[in-house]
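Quick notes on the structure that follows.
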Amino acid sequence: MAIEQNIVSIVGATGAQGGSVARSLKQNPHFEVRCITRDTNSPGAKALMNEGFNVIKADGANAEEMERALAGSWGAFINVATEGQEFDIAVALQRSILSSAAAAGVKHVVFSSAPDARKLTAGRAPVPNLDVKAQAAEWGDACPVFETFTPVMLSWYLENFEHPILAELLGGFPIHEDQDGYLSCRVPLWGGEEEVPFISVKDDFGDLVHGVFLNPVRWNRAVIQCNGELMSWADMVQAYVAGKNSSFCGLLATNQLKGTQKTANGIIVTGKKARFMPYIPAEEMPTFECGGIQDLFIYSQLRGGDYYGNGPSETRTACQLKRDAWKAKGRKGRETMMTVREYFERLHVS
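Note that the working numbering gives residue 392 to position 179 of the sequence shown, counting from 1, and the numbers run on in steps of one.
As C-alpha cells, then:
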C-alpha cells in the first residue's frame with residue numbers, strides 16, 4: 214500500500230537552513246521534498262540533485278514563476294537571503310514569495326524570521342538584518358490563506374566558528390591567535406544572564422522545522438526559538454578548550470577567564486591558550502564592514518538577553534521538536550540537540 218505524501222517545498226534550499234530542512238524531511242516517507250532555488254547550476258543545487266532531491270528553478274522576484282514552483286505544495290519552508298539588499302527591497306522580496314505561496318494554495322508555512330528589534334526596543338536599537346525579516350513575517354502572519362504560519366528564529370550558528378573571515382569578527386577565535394598568543398574571543402556581553410543561544414544548523418535546525426510540519430496546528434503562530442544550548446561567551450570558550458580533550462596530543466591547554474588561568478581538566482591537548490575579553494561598551498567592537506553587528510549586541514543588552522521577544526531564551530521547545538522528528542525518521546540519527554562542547558569535540562577530532 215502506497216504511503217500518502219505531503220509535498221513540502223523549500224525556498225532557499227541551497228542555503229544552510231534550507232539544506233538542513235531538506236535532508237531531515239527526506240528521511241520521513243510521509244513527506245515529498247521539493248527544493249526551489251534561483252540557480253539550478255550552483256554547486257549547492259547540484260549537490261542536492263546528486264542526493265536525489267527534486268530541484269526546481271524559480272526566482273523569488275518573479276511572482277508567477279515562484280507560484281508555479283510552489284503549486285501543489287501542502288507546506289513550505291521559506292528562507293530568503295536579504296544580505297546586501299536595501300531594506301524596503303528585501304521586505305518586498307520576502308512578501309512577494311509569501312504572496313506566491315498563498316496564490317499557490319500552500320496551507321502550512323514555516324518562515325525563517327527574526328525578532329523585530331526596532332519594535333521591541335521602542336525604536337532605540339533597530340537591527341536592520343533582523344527587522345527586515347520581522348516585517349516580512351507580519352505579512353505572512355496576517356495572511357488569511359495560510360491555515361498555519363510558524364516563524365522560526367535562530368541566533369548564533371556554531372558553524373560560524375569554522376569560517377576564518379567570521380572569526381575576525383570574534384577577535385580571531387577560534388582560528389587566529391592574537392599578538393599575545395591567545396585565541397581571544399572578543400565580543401560584547403550578551404546581557405541579562407549571559408545565555409547566548411547557540412545551534413548547529415546542519416545537525417539540528419532541519420529537525421526542528423521537521424517537527425513543526427509534523428503538527429503544524431500545534432505550532433501555529435508560535436515563535437520557535439531554535440536553540441541547541443544556552444551558554445555565556447566565557448563558558449563557550451571554556452567548552453572549546455575542554456572539547457579539545459578528545460583529541461590526542463601531549464601539550465597543556467589553558468583557559469584564561471576573568472583574569473585567572475584554568476587547566477582544561479588537566480588533560481593535555483594543544484599548546485594554544487584561549488580567553489574571553491568582552492568589549493565594554495558594545496560600540497567598541499570593530500565591525501570589519503559587517504553592518505549591524507554592534508546593533509545586535511546593543512539590542513540584546515537592552516533586552517536583558519531576551520533576544521527572541523517571546524520570553525526568556527529556552528531549549529525546551531527545540532528539544533521536543535528534535536525528539537518528535539527523530540521518532541518520525543524511524544529513530545535514526547541523534548535524539549538530542551548538539552551541545553557546544555560536542556560540536557567542538559567533533560571539529561577537532563575530524
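Ideal placement from N, C-alpha and C gives every residue a C-beta, glycine not left out. No experiment lies behind these values; they were computed from the predicted model shown.
Legend entry - Test item: CB-CB of Ala330 and Tyr512 under 7 Å: In this structure, Ala330 lies near Tyr512, with their beta-carbon atoms less than 7 Å apart.
Inset, instruction - Please name the residue in Gly232, Phe557, Leu402, His389 whose C-alpha comes closest to that of Asn267. - result: Minimum Cα distance to Asn267 is reached at Gly232.
Inset, instruction - Within 10 angstroms of the Cβ of Asp393, are there 16 or more other Cβ atoms? Answer buried if so, exposed if not. - result: Counting every other CB atom within 10 Å of its CB across the protein chains shown gives Asp393 a total below 16, marking it as exposed.
Legend entry - Cβ contact (3+ pairs, closer than 8 Å) linking the stretch 231-251 and the stretch 299-309: They do not touch, by the three-pair rule.
Inset, instruction - State buried or exposed for Asn263, treating a residue as buried only when at least 16 other CB atoms are found within 10 Å of its CB. - result: That one is exposed.
Legend entry - As assigned by DSSP and simplified to three states, the class of Pro410: Reduced to three states, the DSSP call for Pro410 is strand.
Legend entry - Three or more C-beta pairs below 8 Å linking the stretch 532-546 and the stretch 419-428: Judged by Cβ distances under 8 Å, the stretch 532-546 makes contact with the stretch 419-428, as three or more pairs qualify.
Inset, instruction - Put Trp352 into one of helix, strand or coil per three-state DSSP. - result: Of the three classes helix, strand and coil, the one that applies to Trp352 here is helix, per DSSP.
Legend entry - Boundaries of the beta strand (DSSP E) in which Asn219 is found, first to last residue: Taken as a continuous stretch (DSSP letters only), the beta strand (DSSP E) holding Asn219 covers 219-224.
Legend entry - Unbroken alpha helix (DSSP H) run spanning Ile269, endpoints: Not the alpha helix (DSSP H): Ile269 falls in the beta strand (DSSP E), residues 267-270.
Legend entry - Nearest residue (CA-CA) to Ala355, options Asn433, Asp519, Leu343, Gly336: Residue nearest to Ala355 within the set Asn433, Asp519, Leu343, Gly336 is Asn433 (criterion: CA-CA distance).
Inset, instruction - Check whether the Cβ atoms of Ile220 and Gly285 lie closer than 7 Å to each other. - result: Going by C-beta atoms, Ile220 is nearer than 7 Å to Gly285.
Legend entry - Host alpha helix (DSSP H) of Phe300 (start-end): Its alpha helix (DSSP H) spans residues 300-316.
Legend entry - Bounding residues of the alpha helix (DSSP H) (the contiguous stretch that carries Tyr512): Unbroken alpha helix (DSSP H) run through Tyr512: 506-515.
Legend entry - Reference Gly204, options Phe359, Leu367, Asp508, closest by Cα: Summary: the structure shown does not reach residue 204, with the chain confined to residues 214 through 563, and so no result is reported for it.
Legend entry - Beta-ladder partner(s) of Met279, from DSSP: Beta-bridge partners assigned by DSSP to Met279: none are found.
Inset, instruction - Have a look at Pro377 and Ala316 and give me their C-alpha separation to the nearest angstrom. - result: Using only the alpha carbons, I get a separation of about 42 Å.
Inset, instruction - Throw me the rounded Cβ distance for the Ile310 and Val293 pair, which I believe falls under 8 Å. - result: Rounded, the Cβ-Cβ distance is 6 Å, consistent with contact.
Legend entry - Burial state of Asn428, where buried means 16 or more other Cβ atoms lie within 10 Å: Asn428 should be labelled exposed.
Inset, instruction - Have a look at Ala271, Gln230, Leu238 and flag the residue whose alpha-carbon is nearest the alpha-carbon of Thr199. - result: The question about residue 199 has no answer here: the residues shown for the chain are numbered 214 through 563.
Legend entry - Three-state secondary structure (DSSP) of His423: DSSP places His423 in helix when its eight states are reduced to three.
Legend entry - Burial state of Val224 (16 or more Cβ within 10 Å): By the neighbour-count rule (16 or more Cβ atoms within 10 Å), Val224 is buried.
Legend entry - Where the alpha helix (DSSP H) through Ile216 begins and ends: Element bounds for Ile216: n/a, residue is neither H nor E.
Legend entry - For Val234, the first and last residue of its enclosing alpha helix (DSSP H): That run of the alpha helix (DSSP H) goes 229-238.
Inset, instruction - Please confirm if the stretch 367-376 is in contact with the stretch 331-350, defined as three or more CB-CB distances below 8 Å between the two stretches. - result: The stretch 331-350 and the stretch 367-376 do not touch, with fewer than three beta-carbon pairs separated by less than 8 Å.
Legend entry - Opening and closing residue of the alpha helix (DSSP H) in which Arg536 lies: Its alpha helix (DSSP H) spans residues 529-541.
Legend entry - Straight-line Cα distance separating Ala350 from Ser313: If I take the Cα positions, the gap works out to 14 Å.
Inset, instruction - Starting from Ser388, follow its DSSP beta bridges and name the residues at the other end. - result: Contrary to the premise, residue 388 reads as Ile rather than Ser in this sequence. Paired residues: none, contrary to the question.
Legend entry - CB contact flag (Gly505, Pro341, <7 Å): Going by C-beta atoms, Gly505 is nearer than 7 Å to Pro341.
Legend entry - Three-way DSSP call (helix, strand, coil) for Trp432 in this model: In the structure shown, Trp432 sits in coil (DSSP, three-state: anything other than H, G, I, E or B).
Legend entry - Under 7 Å between C-beta atoms of Glu531 and Cys398: Checking the sequence, you will find Ala at residue 531 rather than Glu. Going by C-beta atoms, Ala531 is not nearer than 7 Å to Cys398.
Inset, instruction - Using three-state DSSP, classify Glu548 as helix, strand or coil. - result: Coil, per DSSP.
Inset, instruction - Could you say which of Glu407, Thr500, Gln533, Glu375 lies nearest to Glu548 if we only look at CA atoms? - result: Checking every option, the nearest Cα to that of Glu548 belongs to Gln533.
Legend entry - Limits of the beta strand (DSSP E) - the one that Glu442 falls within: 442-444 is the extent of the beta strand (DSSP E) around Glu442.
Inset, instruction - Would you list the residues sitting across from His321 in a DSSP beta bridge? - result: Residue pairing from DSSP places His321 in a beta bridge opposite Gly288, Thr361.
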